[in-house]
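See below for the structure under consideration.
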Amino acid sequence: MFVSMVFPVFLGIVVALFFALPVKWRPAFLLAASYAVCGWLDWRSLLVLVVISFSTWAAGRKIEKLLVEGKKSRGKICLQAVVAAYVFILCFYKYIPSFLRAADWGGRAKESLLSNLIMPIGLSFYLFQAIGYLIDIYKEKSSAEKNFVYLSCYLAFFPKLVSGPIEREENLLPQIKSPVKVTLKDRGRLSTAFTYMLWGYFMKMVVADRLAVTVNQIFADPSMYDSIWLIVGAFFYTMQIYCDFAGYSYIAIGCARIFGIRLTENFKGPYLAENITDFWRRWHVSLSTWLRDYIYIPLGGNRKGFVRKCINTMIVFLICGMWHGAGLNFVVWGLLHGVYSVIDGVVRQKGWKVKGGRTLTFLAVAFAWIFFRADNLGAALTYIGAMFTAGIHPETWNQTRMDLQLNEVEIALIILSICIVWGVDLYCRRKKLHLPVLIQQKQNAVRYLIFYLLLIAIFVFGMYGPGYHAEQFIYMQF
């Protein structure tokens, strides 16, 4: 969506109309714009989104009504029924087509309607929002929203529709219900929003999409490469998925800031984490905190002993893996992170000192990403096996480099862009602020210089133009 040439035109029109409208009409307009985006991407997804929005609105009001009447047990039954229905819908779209294609009874599965179901845009993200919203109503942490437009906009808000963040009701809904009287004259807000978007586009178009070219070729046929190139492919994907998903999140945050809405900061320098627990505090923050609050803690968290804590951790990461995809490779990816977390818990419980924790964490995460990227579990195991058995053949490196279209300029751009991303994360961690906020603290000359450098980098070194099809954001498929 964000990398489409249509999007800047669409955003410009929406921004112009938004600021031209009276404040009270703005939520309804944002909902209309969000539905337009969803319908543009896939009209079937729009139908699912409207149905889920209406059912969540109605269920929320019903649960609250039952609680007010003192019928908490019936309210719990209502909640369980709706949550079960939402989980079924998610599993139906995510697992049924994959299962039928894998089974392929008599060669007829590929022709069936169910096997060709397309995952509705953003379904995994706004369903988790809806479930969290209903649970909070039942627990009386929040009140049911009476206005359908407000609640629908909370679920459908277009900057975060496709790939999150998974917003909580207490953060996003009040901003939609009572929009700040923002104006185009607020240069500080617009400057911050613009910086978020520029940095996001740099991460996506200059770094992630450039790395994708090499990654796709290496993972397509690992048998063609020696161990060094397979390690390079795994490292490149580790950086690709970060720059791709974080890039989307920064663009989404920037878009929302234009309208005076603050979305959750989804990434906080995850590859600088000291351990795997720290990594999940920094990677996909909105998902990890959702899993913690709505699954891990209700299961008992760490309140029922260390063994139960480990079991709860494994359950959470199993669900995390299944949320990401239907293949066994995603299950293994999730369980690997569960094992990492259990080991980390043992280490911290024993008080053991681990040298090189940041490096070990990065290597463990990079290894797990192989399962995430591979087409299936067999392909992942084949890739890993080849990493340790293919050997090292320096005499083939030049030919391989040419086959991968990695000339000296491309290699220099890749190294430089990765260093820039890593350097920015280090600087932001040291300052404990995100880059767009830090830039606003600089003098005008420095701020504008950074703007121009990012723009030049995107237009000169970004992957786009004739003969090139921008890679869709990786998390769109989830």
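When we follow my numbering, the leftmost residue of the sequence shown carries the number 19, and every step to the right adds one.
A virtual CB, placed ideally from N, CA and C, is assigned to each residue, including glycine.
Distance cutoff 7 Å, beta carbons only. Does V372 sit that close to anything in chain C? The chain labelled as chain C is not found in the depicted structure, where only one protein chain is given.
Mind checking which residues open and close the alpha helix (DSSP H) that includes M137? M137 -> no alpha helix (DSSP H), and no H or E assigned at all.
Counting Cβ pairs closer than 8 Å, one from the stretch 150-170 and one from the stretch 75-82, do we hit at least three? yes
Measuring straight from C-alpha to C-alpha, what distance separates V472 and L64? The identity of residue 472 in the sequence shown is Leu, whereas the question assumes Val. Spanning the two alpha carbons is a distance of roughly 35 Å.
Enclosing alpha helix (DSSP H) for N14 [first to last residue]: One cannot answer for residue 14 here, as it falls past the ends of the chain, which runs 19 to 496.
Rounded to whole angstroms, what's the CA-CA distance from N189 to E87? Just pull it up for me. 28 Å
Run the CB neighbour count on M221, radius 10 Å, all protein chains shown included, and call it buried at 16 or more, exposed below. buried
Per-residue DSSP class, three states only, for G124: Bear in mind that the predicted position of G124 carries a pLDDT of just 49, short of 50, making it unreliable; the figure below should be weighed with that in mind. DSSP places G124 in helix when its eight states are reduced to three.
Compare the beta carbon distance of Y481 and M223 with 7 Å and say whether it is the shorter of the two. Looking at the sequence provided, one finds Met at residue 481 rather than Tyr. In contact: M481 and M223 (Cβ atoms closer than 7 Å).
How about A270 and K178: are their beta carbons less than 7 Å apart? yes
Rounded to the nearest angstrom, what separates S133 and G218 at their Cα positions? Annotation note: pLDDT 47 at S133 (below 50); position unreliable, coordinate value reported separately. Looking at the two C-alpha atoms, the distance is approximately 35 Å.
Report buried or exposed for A386, applying the criterion of at least 16 other Cβ atoms within 10 angstroms of its Cβ. buried
Nearest to P412 by CA position, among L378, I468, Y243, is which residue? Y243
Cβ separation of Y144 and I70, assumed to be a contact under 8 Å, to the nearest whole Å: 7 Å
Looking at the structure shown, is P316 part of a helix, part of a strand, or coil, going by DSSP? coil
For N462 and M215, I'd like the C-alpha separation in whole angstroms. 18 Å
Assuming F212 and V233 make a contact with CB atoms under 8 Å, what is their CB distance in whole Å? 30 Å between Cβ atoms; not a contact.
Stretch-stretch touch, CB-based, cutoff 8 Å, three pairs: the stretch 408-422 with the stretch 315-330: no
For a test of the three-state rule: what should DSSP assign to H452, helix, strand or coil? coil
In this structure, does DSSP put R376 in helix, strand or coil? helix
What is the residue span of the alpha helix (DSSP H) that D362 lies within? 346-368
For S304, which residues from the same chain have a beta carbon less than 6 Å from its beta carbon, with the 5 sequence-adjacent residues on both sides left out? G182, P183, I184, T282, N284
Quick one: Cα of L84 to Cα of L290, how far? 47 Å
Let me know if D421 comes out buried or exposed under the rule of 16 or more other beta-carbons within 10 Å of its beta-carbon. exposed
First and last residue of the uninterrupted alpha helix (DSSP H) at M23: Counting along the chain, M23 falls outside any alpha helix (DSSP H), and DSSP gives it neither H nor E.
The alpha helix (DSSP H) enclosing Y470, as first and last residue numbers: 462-479
In this structure, does DSSP put W217 in helix, strand or coil? helix
Is the separation between the beta-carbon of G352 and that of C338 shorter than 7 Å? yes
My understanding is that Y168 touches I149, with C-beta atoms under 8 Å, so please give their C-beta distance in whole angstroms. In fact, because the Cβ distance is near 18 Å, the residues do not count as touching under 8 Å.
I'd like the ranges of any alpha helix (DSSP H) spanning at least 4 consecutive residues and lying wholly in the stretch 130-190. 141-156, 166-174, 176-179
Does W308 come out as helix, strand or coil in the three-state DSSP assignment? helix
Short check: CB of D393 to CB of I294, under 7 Å? no
Would you call M405 buried or exposed, if buried means 16 or more other Cβ atoms sit within 10 Å of its Cβ? buried
Straight-line gap, R448 to E292 (C-alpha atoms, nearest Å): 14 Å
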